[in-house]
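There are 2 protein chains.
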Amino acid sequence: MPATIRDVARASGVHISTVSRTFSAPHLVNPETRSRVLACAENLGYRPNRAARALITGRTHNVGLIVADLANPFFPPLIKAAESQARHRDYHIFVTDTNEDPAVEEELIHALAKQVDGILLCSPRLNNSLIEQLSREVPLVLINRQVAGLPAVVMDVGQGARLAIEHLIGLGHHQIGLLGGPRGSWTNREIRRAVTAAARSADAVLTGIGPNQPTEAGGAAVAEQVRRSGVTAVLAYNDLMAIGLIEELDALGVRVPADISVVGIDDIALSRRIRPRLTTVANPTPAAGRAAVDMLLQRAGDDRRTTAQVTLQTELVIRDSTAPPPATRTAVVLASHVKE
Amino acid sequence: MPATIRDVARASGVHISTVSRTFSAPHLVNPETRSRVLACAENLGYRPNRAARALITGRTHNVGLIVADLANPFFPPLIKAAESQARHRDYHIFVTDTNEDPAVEEELIHALAKQVDGILLCSPRLNNSLIEQLSREVPLVLINRQVAGLPAVVMDVGQGARLAIEHLIGLGHHQIGLLGGPRGSWTNREIRRAVTAAARSADAVLTGIGPNQPTEAGGAAVAEQVRRSGVTAVLAYNDLMAIGLIEELDALGVRVPADISVVGIDDIALSRRIRPRLTTVANPTPAAGRAAVDMLLQRAGDDRRTTAQVTLQTELVIRDSTAPPPATRTAVVLASHVKE
DNA sequence: CCAGGTTCTGCAAAGGTTTGCAGCAGAACG
DNA sequence: CGTTCTGCTGCAAACCTTTGCAGAACCTGG
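Note that the protein sequences, when read in sequence, are chains A and B. Count along the first sequence from 1, then add 3; that gives the number in this note's numbering. Count along the second sequence from 1, then add 3; that gives the number in this note's numbering.
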């Protein structure tokens, strides 16, 4: 039903190759012929079939972007930045959501493989060897994950987490809880590594809690456990969990930050809006999206495999959800400064 | 580089058609042959090329989903519901974002056209005739938009808006502001239509403000104008605008709901969390996502063009951002009930 | 033993496009 | 006027599959 290159050729009395060139290499065809062909194409409503084109050129001008959970406000800024970057380069981005399920993730990579020129894998939950294997099927750029030999852009969440712990220790906390994220998360391991080191060198005691769903529900679910654990401060895997935790603690009659301090990670827009405003580690998500697109397209351009790994800096944003622990409260308040 | 059907055929000593059938019609091939072929395929890491398959079958098993703004929390529930519904039917969903730009929207439809079996168009900003024309290129299902002859699922926002206005009038408001959304939005027109009728029949005065960007920034931008306009209540195009407006009014020293009542539309998760909790019109977004996928896939199945239009009910959720207007405050409070 | 059926496999066309090669006409040049 | 070059166009193979058709091998029943 839709017009093909052949219909246009017939209508304008030229060979299909001329029609093809009219669209993909206009300078090779006589201006007169060109405009005749274009007129016929317009008439018939002809549009080149991108799938057929891709079959022979090997370039689809699409890139896939796989995230764990579209409903997590952490992702949209990254996605939008990636989209606009891709658009400038005449590429389109197809976004899909894995529902935090590694099986779905693998499924999707296979499904996308031949329909895109590469895939941006955001915070994948797959294990390293599987990722490596899949990367032989389709060019991959990882975001917030490092696998030897694969290009990646990561946000230095370890550094941010370290700053967060030092901030808490500086306030006088010794018993600190660490709310783990989903299993398979590289970010999760980075946080744990950095935090463990920071805590050890300051004689603070760390209590791990998790793994958990990286959502508000996941945070809320462990509120009771946090309260009973005796910690005076908590670093959560992400802002969503921190927010869920704070709300549930509030429901249990535990005040934040008076009784327990809470720090999140990501600095989603919501964190600035809740009360108490959340102290958190800010991630440069738009920059990450742009960088990932650049790496992928550059890699697609040259054939040589770029395996660069870009690290973006994070930053601790101190707001109102952290304060000295109850016991030492007055003493420390005298010595500390209040910052935004 | 990646293995093709031909490599598998060579390796297992059969014709390519047999390999093809092994994957797309296994019952037609001898179990013995089949397992041999499968073993070779596994060995070579062969995966059928979905693009090539689509070229000949005409079925890609993908569906496109185009939204105006991924960062608007209104969309994720719809998207996730659509994705899970599609997954059950062995389809994949590709999501893209138009940045509220009609030109990008058209671009995207063309780009997606041949790579999907149909497109779900969410709150499109395109005009009717263009939509109609594009629908001849690729099957379309509209969400929150009605165009004669095209299948659509809409949420009855008109009814919800009417309830909202009646609620405000019931509280004693006579001067009501209507914060318009983006131009090109069908929802916007529906709201205006319903609200105008409701206001007329109750002798309330309506002040239109807009069009505006349907974001928090858009809501914040008109706060000053709202304050000066003399209205005592506002119905916003969506929750995001309502929230932005409330925050900015707060910054201007105008209290909600004491000085001005505000009602939103959508009932995004955030609306339950801000203070005052937002009175709003709840939309059944997951149901809409599922219904749209069903309509599209059913339409793809039978060849006959289904043009059904499904309407889903909305609901007014009364929370804390609405109250009687300042003047009549005490009098009416005595006569009214407080509900969640 | 033969007619008819079943089960499996191969052949080749088709789907819509791109692209290296070759051919052709006319221009430029000596 | 012959040669070389330039600009344009057509030819046909290629990309990776699917699928209608036909043939081969085998079986069943009469």
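Idealized CB from N, CA, C, for every residue including glycine.
- Taken in chain order, the unbroken stretches of alpha helix (DSSP H) that lie wholly in the region 166-246 of chain A and span 4 residues or more are 189-203, 219-224 and 226-232.
- Contact check for I168/A against L238/A passes: the beta carbons are separated by less than 8 angstroms.
- Residues of chain A whose Cβ lies closer than 8 angstroms to the Cβ of F77/B do not exist, since the nearest Cβ in that chain is about 11 angstroms away.
- Counting along the chain, the unbroken beta strand (DSSP E) around F97/B starts and ends at H95 to D100.
- Our two residues, E45/A and P29/A, have alpha carbons roughly 16 angstroms apart in a direct line.
- DSSP, reduced to helix, strand and coil, places V296/B within a helical segment of the structure shown.
- L319/B and L111/B have their alpha carbons spaced roughly 35 angstroms apart.
- H113/A has a beta carbon lying within less than 8 angstroms of a beta carbon in chain B.
- Taking a cut-off of 8 angstroms for Cβ pairs, the region 114-124 of chain B and the region 60-73 of chain B touch, as three or more such pairs fall below it.
- Taking 9 angstroms as the upper bound on Cβ-Cβ separation, chain A lies near residues A272, L273, R276, I277 and R278 of the region 264-285 of chain B.
- Taking each of R293/B, L209/B and G187/B in turn and checking the Cα distance to H177/B, the smallest one comes out for L209/B.
- In this chain, the alpha helix (DSSP H) harbouring S38/B covers P34 to L47.
- Residue-level contact by beta carbon holds for D100/A and chain B, with a gap shorter than 8 angstroms.
- For the region 124-140 of chain A, the set of residues with a beta-carbon nearer than 9 angstroms to any beta-carbon of chain B comprises Q136, R139 and E140, in chain order.
- Excluding residues up to 5 positions away in sequence, T235, A261 and D262 lie with their Cβ nearer than 8 angstroms to the Cβ of P329/A in the same chain.
- Scanning its chain for C-beta atoms nearer than 7 angstroms, with the 5 sequence neighbours on each side dropped, one finds around S23/A the residues I8, in chain order.
- Each residue's CA atom was taken as its position, placing T190/B and A254/A some 37 angstroms apart.
- Judged by DSSP in its simplified three-state form, A326/A adopts coil rather than helix or strand.
- For I82/B, the chain A residues whose C-beta falls within less than 8 angstroms of its own C-beta are L73 and D100, listed in chain order.
- Taking 8 angstroms as the cut-off between beta carbons, the residues of the region 37-59 of chain B near chain A are G48, R50, N52, R53, A54, A55, A57 and L58, in sequence order.
- Close to E86/A, with beta-carbon spacing below 7 angstroms, are these residues of chain B in chain order: D100.
- For Q118/A, the chain B residues whose C-beta falls within less than 7 angstroms of its own C-beta are R53, A54 and Q118, listed in chain order.
- A Cβ-Cβ contact shorter than 8 angstroms links E251/B with A226/B.
- N131/A carries a helical assignment under DSSP once its states are collapsed to helix, strand and coil.
- The criterion of a C-beta distance shorter than 8 angstroms is satisfied by Y240/A and G184/A.
- When T199/B, G48/B, F26/B and H18/B are compared, the shortest CA-CA separation from A6/B is found for G48/B.
- The Cβ of H91/A sits no closer than 8 angstroms to any Cβ of chain B.
- Annotation: the continuous beta strand (DSSP E) that includes D269/B extends over S264 to D269.
- Between the C-alpha atoms of N75/B and L243/B there is a straight-line separation of about 8 angstroms.
- Per DSSP, L68/B is one residue of the beta strand (DSSP E) stretching across N65 to V70.
- For the pair S232/B and G211/B, the Cα-to-Cα distance works out to about 10 angstroms.
- Interface criterion not met: the Cβ of F26/A is under 8 angstroms from no Cβ in chain B.
- If you look at T283/A, you'll find it in the beta strand (DSSP E) that goes T282 to A285.
- Counting only the Cα atoms, D323/A lies some 40 angstroms from R165/B.
- Ranked by Cα distance from G16/B, the first of A285/B, R37/B, Q162/B and F26/B is R37/B.
- Contact check for A291/B and V156/B: beta-carbon distance about 5 angstroms, within the 8 angstroms limit, so the pair qualifies.
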